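The structure under discussion appears below in the form of structure tokens.
4 protein chains.
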Amino acid sequence: MNTSLFHWRHRVTYAECTIGNHVYYARYLDILEEARGEFFRHAGQPLTRLQETDTLLPVIEARLRYRGAARYDDVLTVEVAIAELAKVRLAFNHRILHESGRLLVEGATVHACTSLEEKPKRIPSELAAALAPFVVTDAEGHGGRVGIAAPVS
Amino acid sequence: MNTSLFHWRHRVTYAECTIGNHVYYARYLDILEEARGEFFRHAGQPLTRLQETDTLLPVIEARLRYRGAARYDDVLTVEVAIAELAKVRLAFNHRILHESGRLLVEGATVHACTSLEEKPKRIPSELAAALAPFVVTDAEGHGGRVGIAAPVS
Amino acid sequence: MNTSLFHWRHRVTYAECTIGNHVYYARYLDILEEARGEFFRHAGQPLTRLQETDTLLPVIEARLRYRGAARYDDVLTVEVAIAELAKVRLAFNHRILHESGRLLVEGATVHACTSLEEKPKRIPSELAAALAPFVVTDAEGHGGRVGIAAPVS
Amino acid sequence: MNTSLFHWRHRVTYAECTIGNHVYYARYLDILEEARGEFFRHAGQPLTRLQETDTLLPVIEARLRYRGAARYDDVLTVEVAIAELAKVRLAFNHRILHESGRLLVEGATVHACTSLEEKPKRIPSELAAALAPFVVTDAEGHGGRVGIAAPVS
Numbered sequence: 839m840n841t842s843l844f845h846w847r848h849r850v851t852y853a854e855c856t857i858g859n860h861v862y863y864a865r866y867l868d869i870l871e872e873a874r875g876e877f878f879r880h881a882g883q884p885l886t887r888l889q890e891t892d893t894l895l896p897v898i899e900a901r902l903r904y905r906g907a908a909r910y911d912d913v914l915t916v917e918v919a920i921a922e923l924a925k926v927r928l929a930f931n932h933r934i935l936h937e938s939g940r941l942l943v944e945g946a947t948v949h950a951c952t953s954l955e956e957k958p959k960r961i962p963s964e965l966a967a968a969l970a971p972f973v974v975t976d977a978e979g980h981g982g983r984v985g986i987a988a989p990v991s
Numbered sequence: 839m840n841t842s843l844f845h846w847r848h849r850v851t852y853a854e855c856t857i858g859n860h861v862y863y864a865r866y867l868d869i870l871e872e873a874r875g876e877f878f879r880h881a882g883q884p885l886t887r888l889q890e891t892d893t894l895l896p897v898i899e900a901r902l903r904y905r906g907a908a909r910y911d912d913v914l915t916v917e918v919a920i921a922e923l924a925k926v927r928l929a930f931n932h933r934i935l936h937e938s939g940r941l942l943v944e945g946a947t948v949h950a951c952t953s954l955e956e957k958p959k960r961i962p963s964e965l966a967a968a969l970a971p972f973v974v975t976d977a978e979g980h981g982g983r984v985g986i987a988a989p990v991s
Numbered sequence: 839m840n841t842s843l844f845h846w847r848h849r850v851t852y853a854e855c856t857i858g859n860h861v862y863y864a865r866y867l868d869i870l871e872e873a874r875g876e877f878f879r880h881a882g883q884p885l886t887r888l889q890e891t892d893t894l895l896p897v898i899e900a901r902l903r904y905r906g907a908a909r910y911d912d913v914l915t916v917e918v919a920i921a922e923l924a925k926v927r928l929a930f931n932h933r934i935l936h937e938s939g940r941l942l943v944e945g946a947t948v949h950a951c952t953s954l955e956e957k958p959k960r961i962p963s964e965l966a967a968a969l970a971p972f973v974v975t976d977a978e979g980h981g982g983r984v985g986i987a988a989p990v991s
Numbered sequence: 839m840n841t842s843l844f845h846w847r848h849r850v851t852y853a854e855c856t857i858g859n860h861v862y863y864a865r866y867l868d869i870l871e872e873a874r875g876e877f878f879r880h881a882g883q884p885l886t887r888l889q890e891t892d893t894l895l896p897v898i899e900a901r902l903r904y905r906g907a908a909r910y911d912d913v914l915t916v917e918v919a920i921a922e923l924a925k926v927r928l929a930f931n932h933r934i935l936h937e938s939g940r941l942l943v944e945g946a947t948v949h950a951c952t953s954l955e956e957k958p959k960r961i962p963s964e965l966a967a968a969l970a971p972f973v974v975t976d977a978e979g980h981g982g983r984v985g986i987a988a989p990v991s
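Line order of the protein sequences matches chains A, B, C and D. Positions in the first sequence are counted from 1; adding 838 to them yields our numbering. Positions in the second sequence are counted from 1; adding 838 to them yields our numbering. Positions in the third sequence are counted from 1; adding 838 to them yields our numbering. Positions in the fourth sequence are counted from 1; adding 838 to them yields our numbering.
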């Protein structure tokens with residue numbers, strides 16, 4: 839059962855914008871990384887600590903759908919949910935919302951679990967247990983293996 | 839029939855790398871933008887000229903699959919191919935290769951065609967004609983509507 | 839008389855780091871921009887509002903001295919102080935500190951005051967009044983026209 | 839005597855621009871890094887090779903003067919010259935020019951010479967010999983220790 843989504847607040851800077859006053863399409867991945875880092879801390883598993891226990895979670899796939907433009911000085915809410923929690927991989931679903939509630943971006947990232955030498959390894963059980971409450975299910979509309987986080991085939 | 843893929847050469851800088859000596863996952867989208875800009879110039883349709891004729895091609899979807907890490911000072915080859923050329927949208931398939939020939943990243947971007955006021959419009963016929971030779975077909979393995987460029991839903 | 843420095847907290851992301859686990863030298867300018875944007879809001883003069891009254895503050899000079907490396911996940915404190923408040927220009931002194939108190943970066947930016955058409959104009963009196971409490975003086979060691987904010991000549 | 843400046847060509851992308859169609863102030867440091875990397879290769883001393891011989895050249899100071907705006911798709915010329923070649927430090931003077939010849943940015947960077955463990959070391963004699971032809975002198979107007987590359991204190 840899902841307890842709650844994690845939300846992260848982000849204020850848009852000039853550095854993130856491009857011509858036409860909107861956030862450059864690649865910068866949303868920077869913003870998602872920032873939000874995921876805070877999510878892991880919130881779940882009691884900061885990425886720096888995972889690294890000390892020989893665990894990395896490199897992104898092996900990323901997808902973004904741009905629904906609307908974020909502008910300079912906008913306050914964005916980044917939703918972080920886990921779409922898939924498997925033995926050696928992890929997938930996130932993200933939504934980035936304008937403070938008005940308008941959906942701006944849907945994003946999904948798929949991560950492998952590896953050692954520092956980038957060899958695949960199982961997600962440590964302590965990490966899996968900490969993440970489990972954040973796994974969303976279809977009924978909640980964020981879709982385990984459906985929607986934007988579906989495997990590419 | 840496809841004449842040839844467009845190729846763009848890119849040398850990796852420190853600015854693009856992150857910890858662990860590999861290109862940060864978002865920076866590949868910057869590199870793809872650079873390559874597409876040069877592709878449009880190569881096709882005789884530089885983006886600055888399209889803008890003067892009230893045509894923008896904003897990205898509405900982007901997908902990346904990370905197959906291997908690009909490192910500082912690596913020389914990358916970015917392949918640019920058109921996966922879909924429709925009335926009001928355009929999709930690109932990209933591959934980023936290491937100079938050894940190793941595949942590092944597969945990327946796809948979907949673009950709308952809009953006016954400067956961001957209203958949807960048909961792709962101008964002159965632009966469509968210039969892009970047509972770069973449309974790839976399934977037999978070539980870059981897949982019109984298959985693979986990573988397939989629609990998400 | 840100086841009331842107090844403005845302080846801004848920033849957590850380092852992977853996006854900001856480069857090889858060797860330290861923040862890339864250019865990213866500190868992004869961080870300073872973020873801090874200045876928040877400073878203007880704190881002073882009751884958000885940059886978006888200044889823009890509505892035909893006022894821009896483009897950077898005409900920037901200087902950075904790197905004293906130590908900020909690393910992934912470090913929490914930085916960015917100090918914002920005004921080193922010079924003249925008729926048509928404004929200069930900031932910044933220090934970026936590690937949470938341990940260690941000085942990492944000293945930075946200075948010099949800004950012109952212009953209209954949206956980039957023509958020089960006087961700093962509006964309301965803005966000048968709002969900024970005046972943040973002007974630092976030599977005795978405080980952040981130096982009006984000394985140190986890193988000194989004119990280049 | 840100076841043989842010649844090194845010049846590097848850079849085409850501006852959307853990724854580098856911000857609101858108002860000009861290059862974001864921090865991105866010029868990325869462009870200077872790219873140009874210096876190519877300069878070291880040109881001088882027969884690629885940075886990757888220096889690293890293999892336990893030599894790093896971290897930036898300890900950077901200064902930029904913004905004289906004009908570079909816009910999307912502009913072709914820039916980056917001049918690279920050595921302003922100072924001392925025992926354990928190295929300083930560069932840069933100018934970024936529009937293809938029309940207009941000066942856009944003056945930049946200076948000061949580098950320490952260190953081991954991979956970031957301990958100061960002398961610039962290896964082979965490196966110093968390779969760089970010597972690129973040292974500019976006052977008479978050429980790029981100034982050894984004058985102008986923007988002058989020491990701050």
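Note that the Cβ used here is the ideal one computed from N, Cα and C, for glycine as well. Predicted model, so just to flag it, every value in this text is computed and none were measured.
State yes or no: is the beta carbon of residue i nearer than 9 Å to at least one beta carbon in chain B?
i: Met906/C; result: According to the sequence as given, residue 906/C is Gly; it is not Met. Taking Cβ atoms only, chain B never reaches closer than 9 Å to Gly906/C, which makes this a no.
Closer than 9 Å, CB to CB, is residue i near chain D or not?
i: Asp868/C; result: yes
i: Glu872/C; result: no
i: Val974/C; result: no
Thinking just about the alpha-carbon of each residue, which of the options is nearest to the one in residue i?
i: Ala864/B; options: Leu902/A, Val913/A, Arg849/A; result: Leu902/A
i: Ala873/D; options: Ala950/D, Leu923/D, His949/D, Val916/D; result: Val916/D
i: Ile920/B; options: Trp846/B, Ala946/B, Glu890/B, Thr952/B; result: Ala946/B
i: Thr851/D; options: Ile857/D, Arg909/D, Arg887/D, His936/D; result: Arg909/D
i: Phe972/A; options: Thr893/A, Leu923/A, Ala900/A; result: Leu923/A
i: Val953/C; options: Gly906/C, His880/C, Leu888/C, Lys925/C; result: Position check: residue 953/C holds Ser in this sequence, whereas Val was assumed. Closest option to Ser953/C, Cα to Cα, is Leu888/C.
i: Pro896/B; options: Val948/B, Leu867/B, Tyr866/B; result: Val948/B
i: Cys951/D; options: Thr893/D, Tyr866/D, Asp868/D; result: Thr893/D
i: Ile961/B; options: His932/B, Arg927/B, Arg940/B; result: Arg927/B
i: Leu969/A; options: Gly906/A, Leu941/A, Phe877/A, Val943/A; result: Phe877/A
i: Leu914/D; options: Glu944/D, Ile898/D, Ala929/D, Phe930/D; result: Glu944/D
i: Ile857/C; options: Ala907/C, Pro958/C, Glu937/C, Ala881/C; result: Ala907/C
i: His845/B; options: Val974/B, Arg933/B, Ser938/B; result: Arg933/B
i: Lys959/C; options: His848/C, Val974/C, Lys925/C; result: Lys925/C
i: Arg905/A; options: Tyr866/B, Ile898/B, Leu885/B, Ala881/B; result: Ile898/B
Is it buried or exposed for residue i, if we count other Cβ within 10 angstroms and need 16 for buried?
i: Glu956/C; result: exposed
i: Glu964/A; result: exposed
i: Leu870/B; result: buried
i: Gly875/B; result: buried
i: Ala967/D; result: exposed
i: Pro989/D; result: Any reading at Pro989/D is ruled out, since the residue's pLDDT is 36, under 50, leaving its predicted position unreliable.
i: Glu890/C; result: exposed
i: Ala900/A; result: buried
i: Glu854/D; result: buried
i: Leu941/B; result: exposed
Would you say residue i lies against chain C (beta-carbon separation less than 9 Å)?
i: Gly875/A; result: yes
i: Gly981/A; result: The predicted model places Gly981/A with a pLDDT of 43, which falls under 50 and marks its position as unreliable; any figure quoted below should be read in that light. With 9 Å as the cut-off, Gly981/A does not count as an interface residue toward chain C.
With a cut-off of 9 Å, does the C-beta of residue i fall near any C-beta of chain A?
i: Val990/B; result: Because Val990/B carries a pLDDT of 33, less than 50, the predicted location of this residue cannot be relied on, and the following value inherits that uncertainty. Yes, contact with chain A.
i: Leu885/C; result: yes
i: Pro971/C; result: no
Give the range of the beta strand (DSSP E) segment to which residue i is assigned.
i: Thr920/D; result: Here residue 920/D is Ile; the residue named in the question, Thr, does not match the sequence. Its beta strand (DSSP E) spans residues 913-923.
i: Glu899/C; result: 897-904
i: Gly929/C; result: The sequence as given places Ala at residue 929/C; Gly does not occur at that position. Taken as a continuous stretch (DSSP letters only), the beta strand (DSSP E) holding Ala929/C covers 927-936.
i: Ala908/D; result: It is not in any beta strand (DSSP E) - Ala908/D carries neither H nor E in the DSSP assignment.
i: Val948/A; result: 941-950
So residue i is in the alpha helix (DSSP H); what residue range does that whole segment cover?
i: Glu876/B; result: 865-880
i: Leu888/B; result: 885-890
i: Leu965/A; result: 963-969
Counting only beta-carbon separations shorter than 9 Å, does residue i have a partner in chain E?
i: Glu964/B; result: In summary, chain E is missing from the structure at hand, where the protein chains are A, B, C and D.
(request) Using a Cβ-Cβ cut-off of less than 7 Å, list which residues of the stretch 940-959 of chain B approach chain D; keep chain order. (result) none
(request) Compile a chain-ordered list of the residues in the stretch 839-864 of chain A whose CB is closer than 9 Å to at least one CB of chain C. (result) Arg849, Thr851, Tyr852, Ala853, Glu854
(request) Please name the residues in the stretch 887-906 of chain D whose beta-carbon is closer than 9 Å to at least one beta-carbon of chain C, in chain order. (result) Leu894, Pro896, Val897, Ile898, Glu899, Ala900, Arg901, Leu902, Arg903, Tyr904, Arg905
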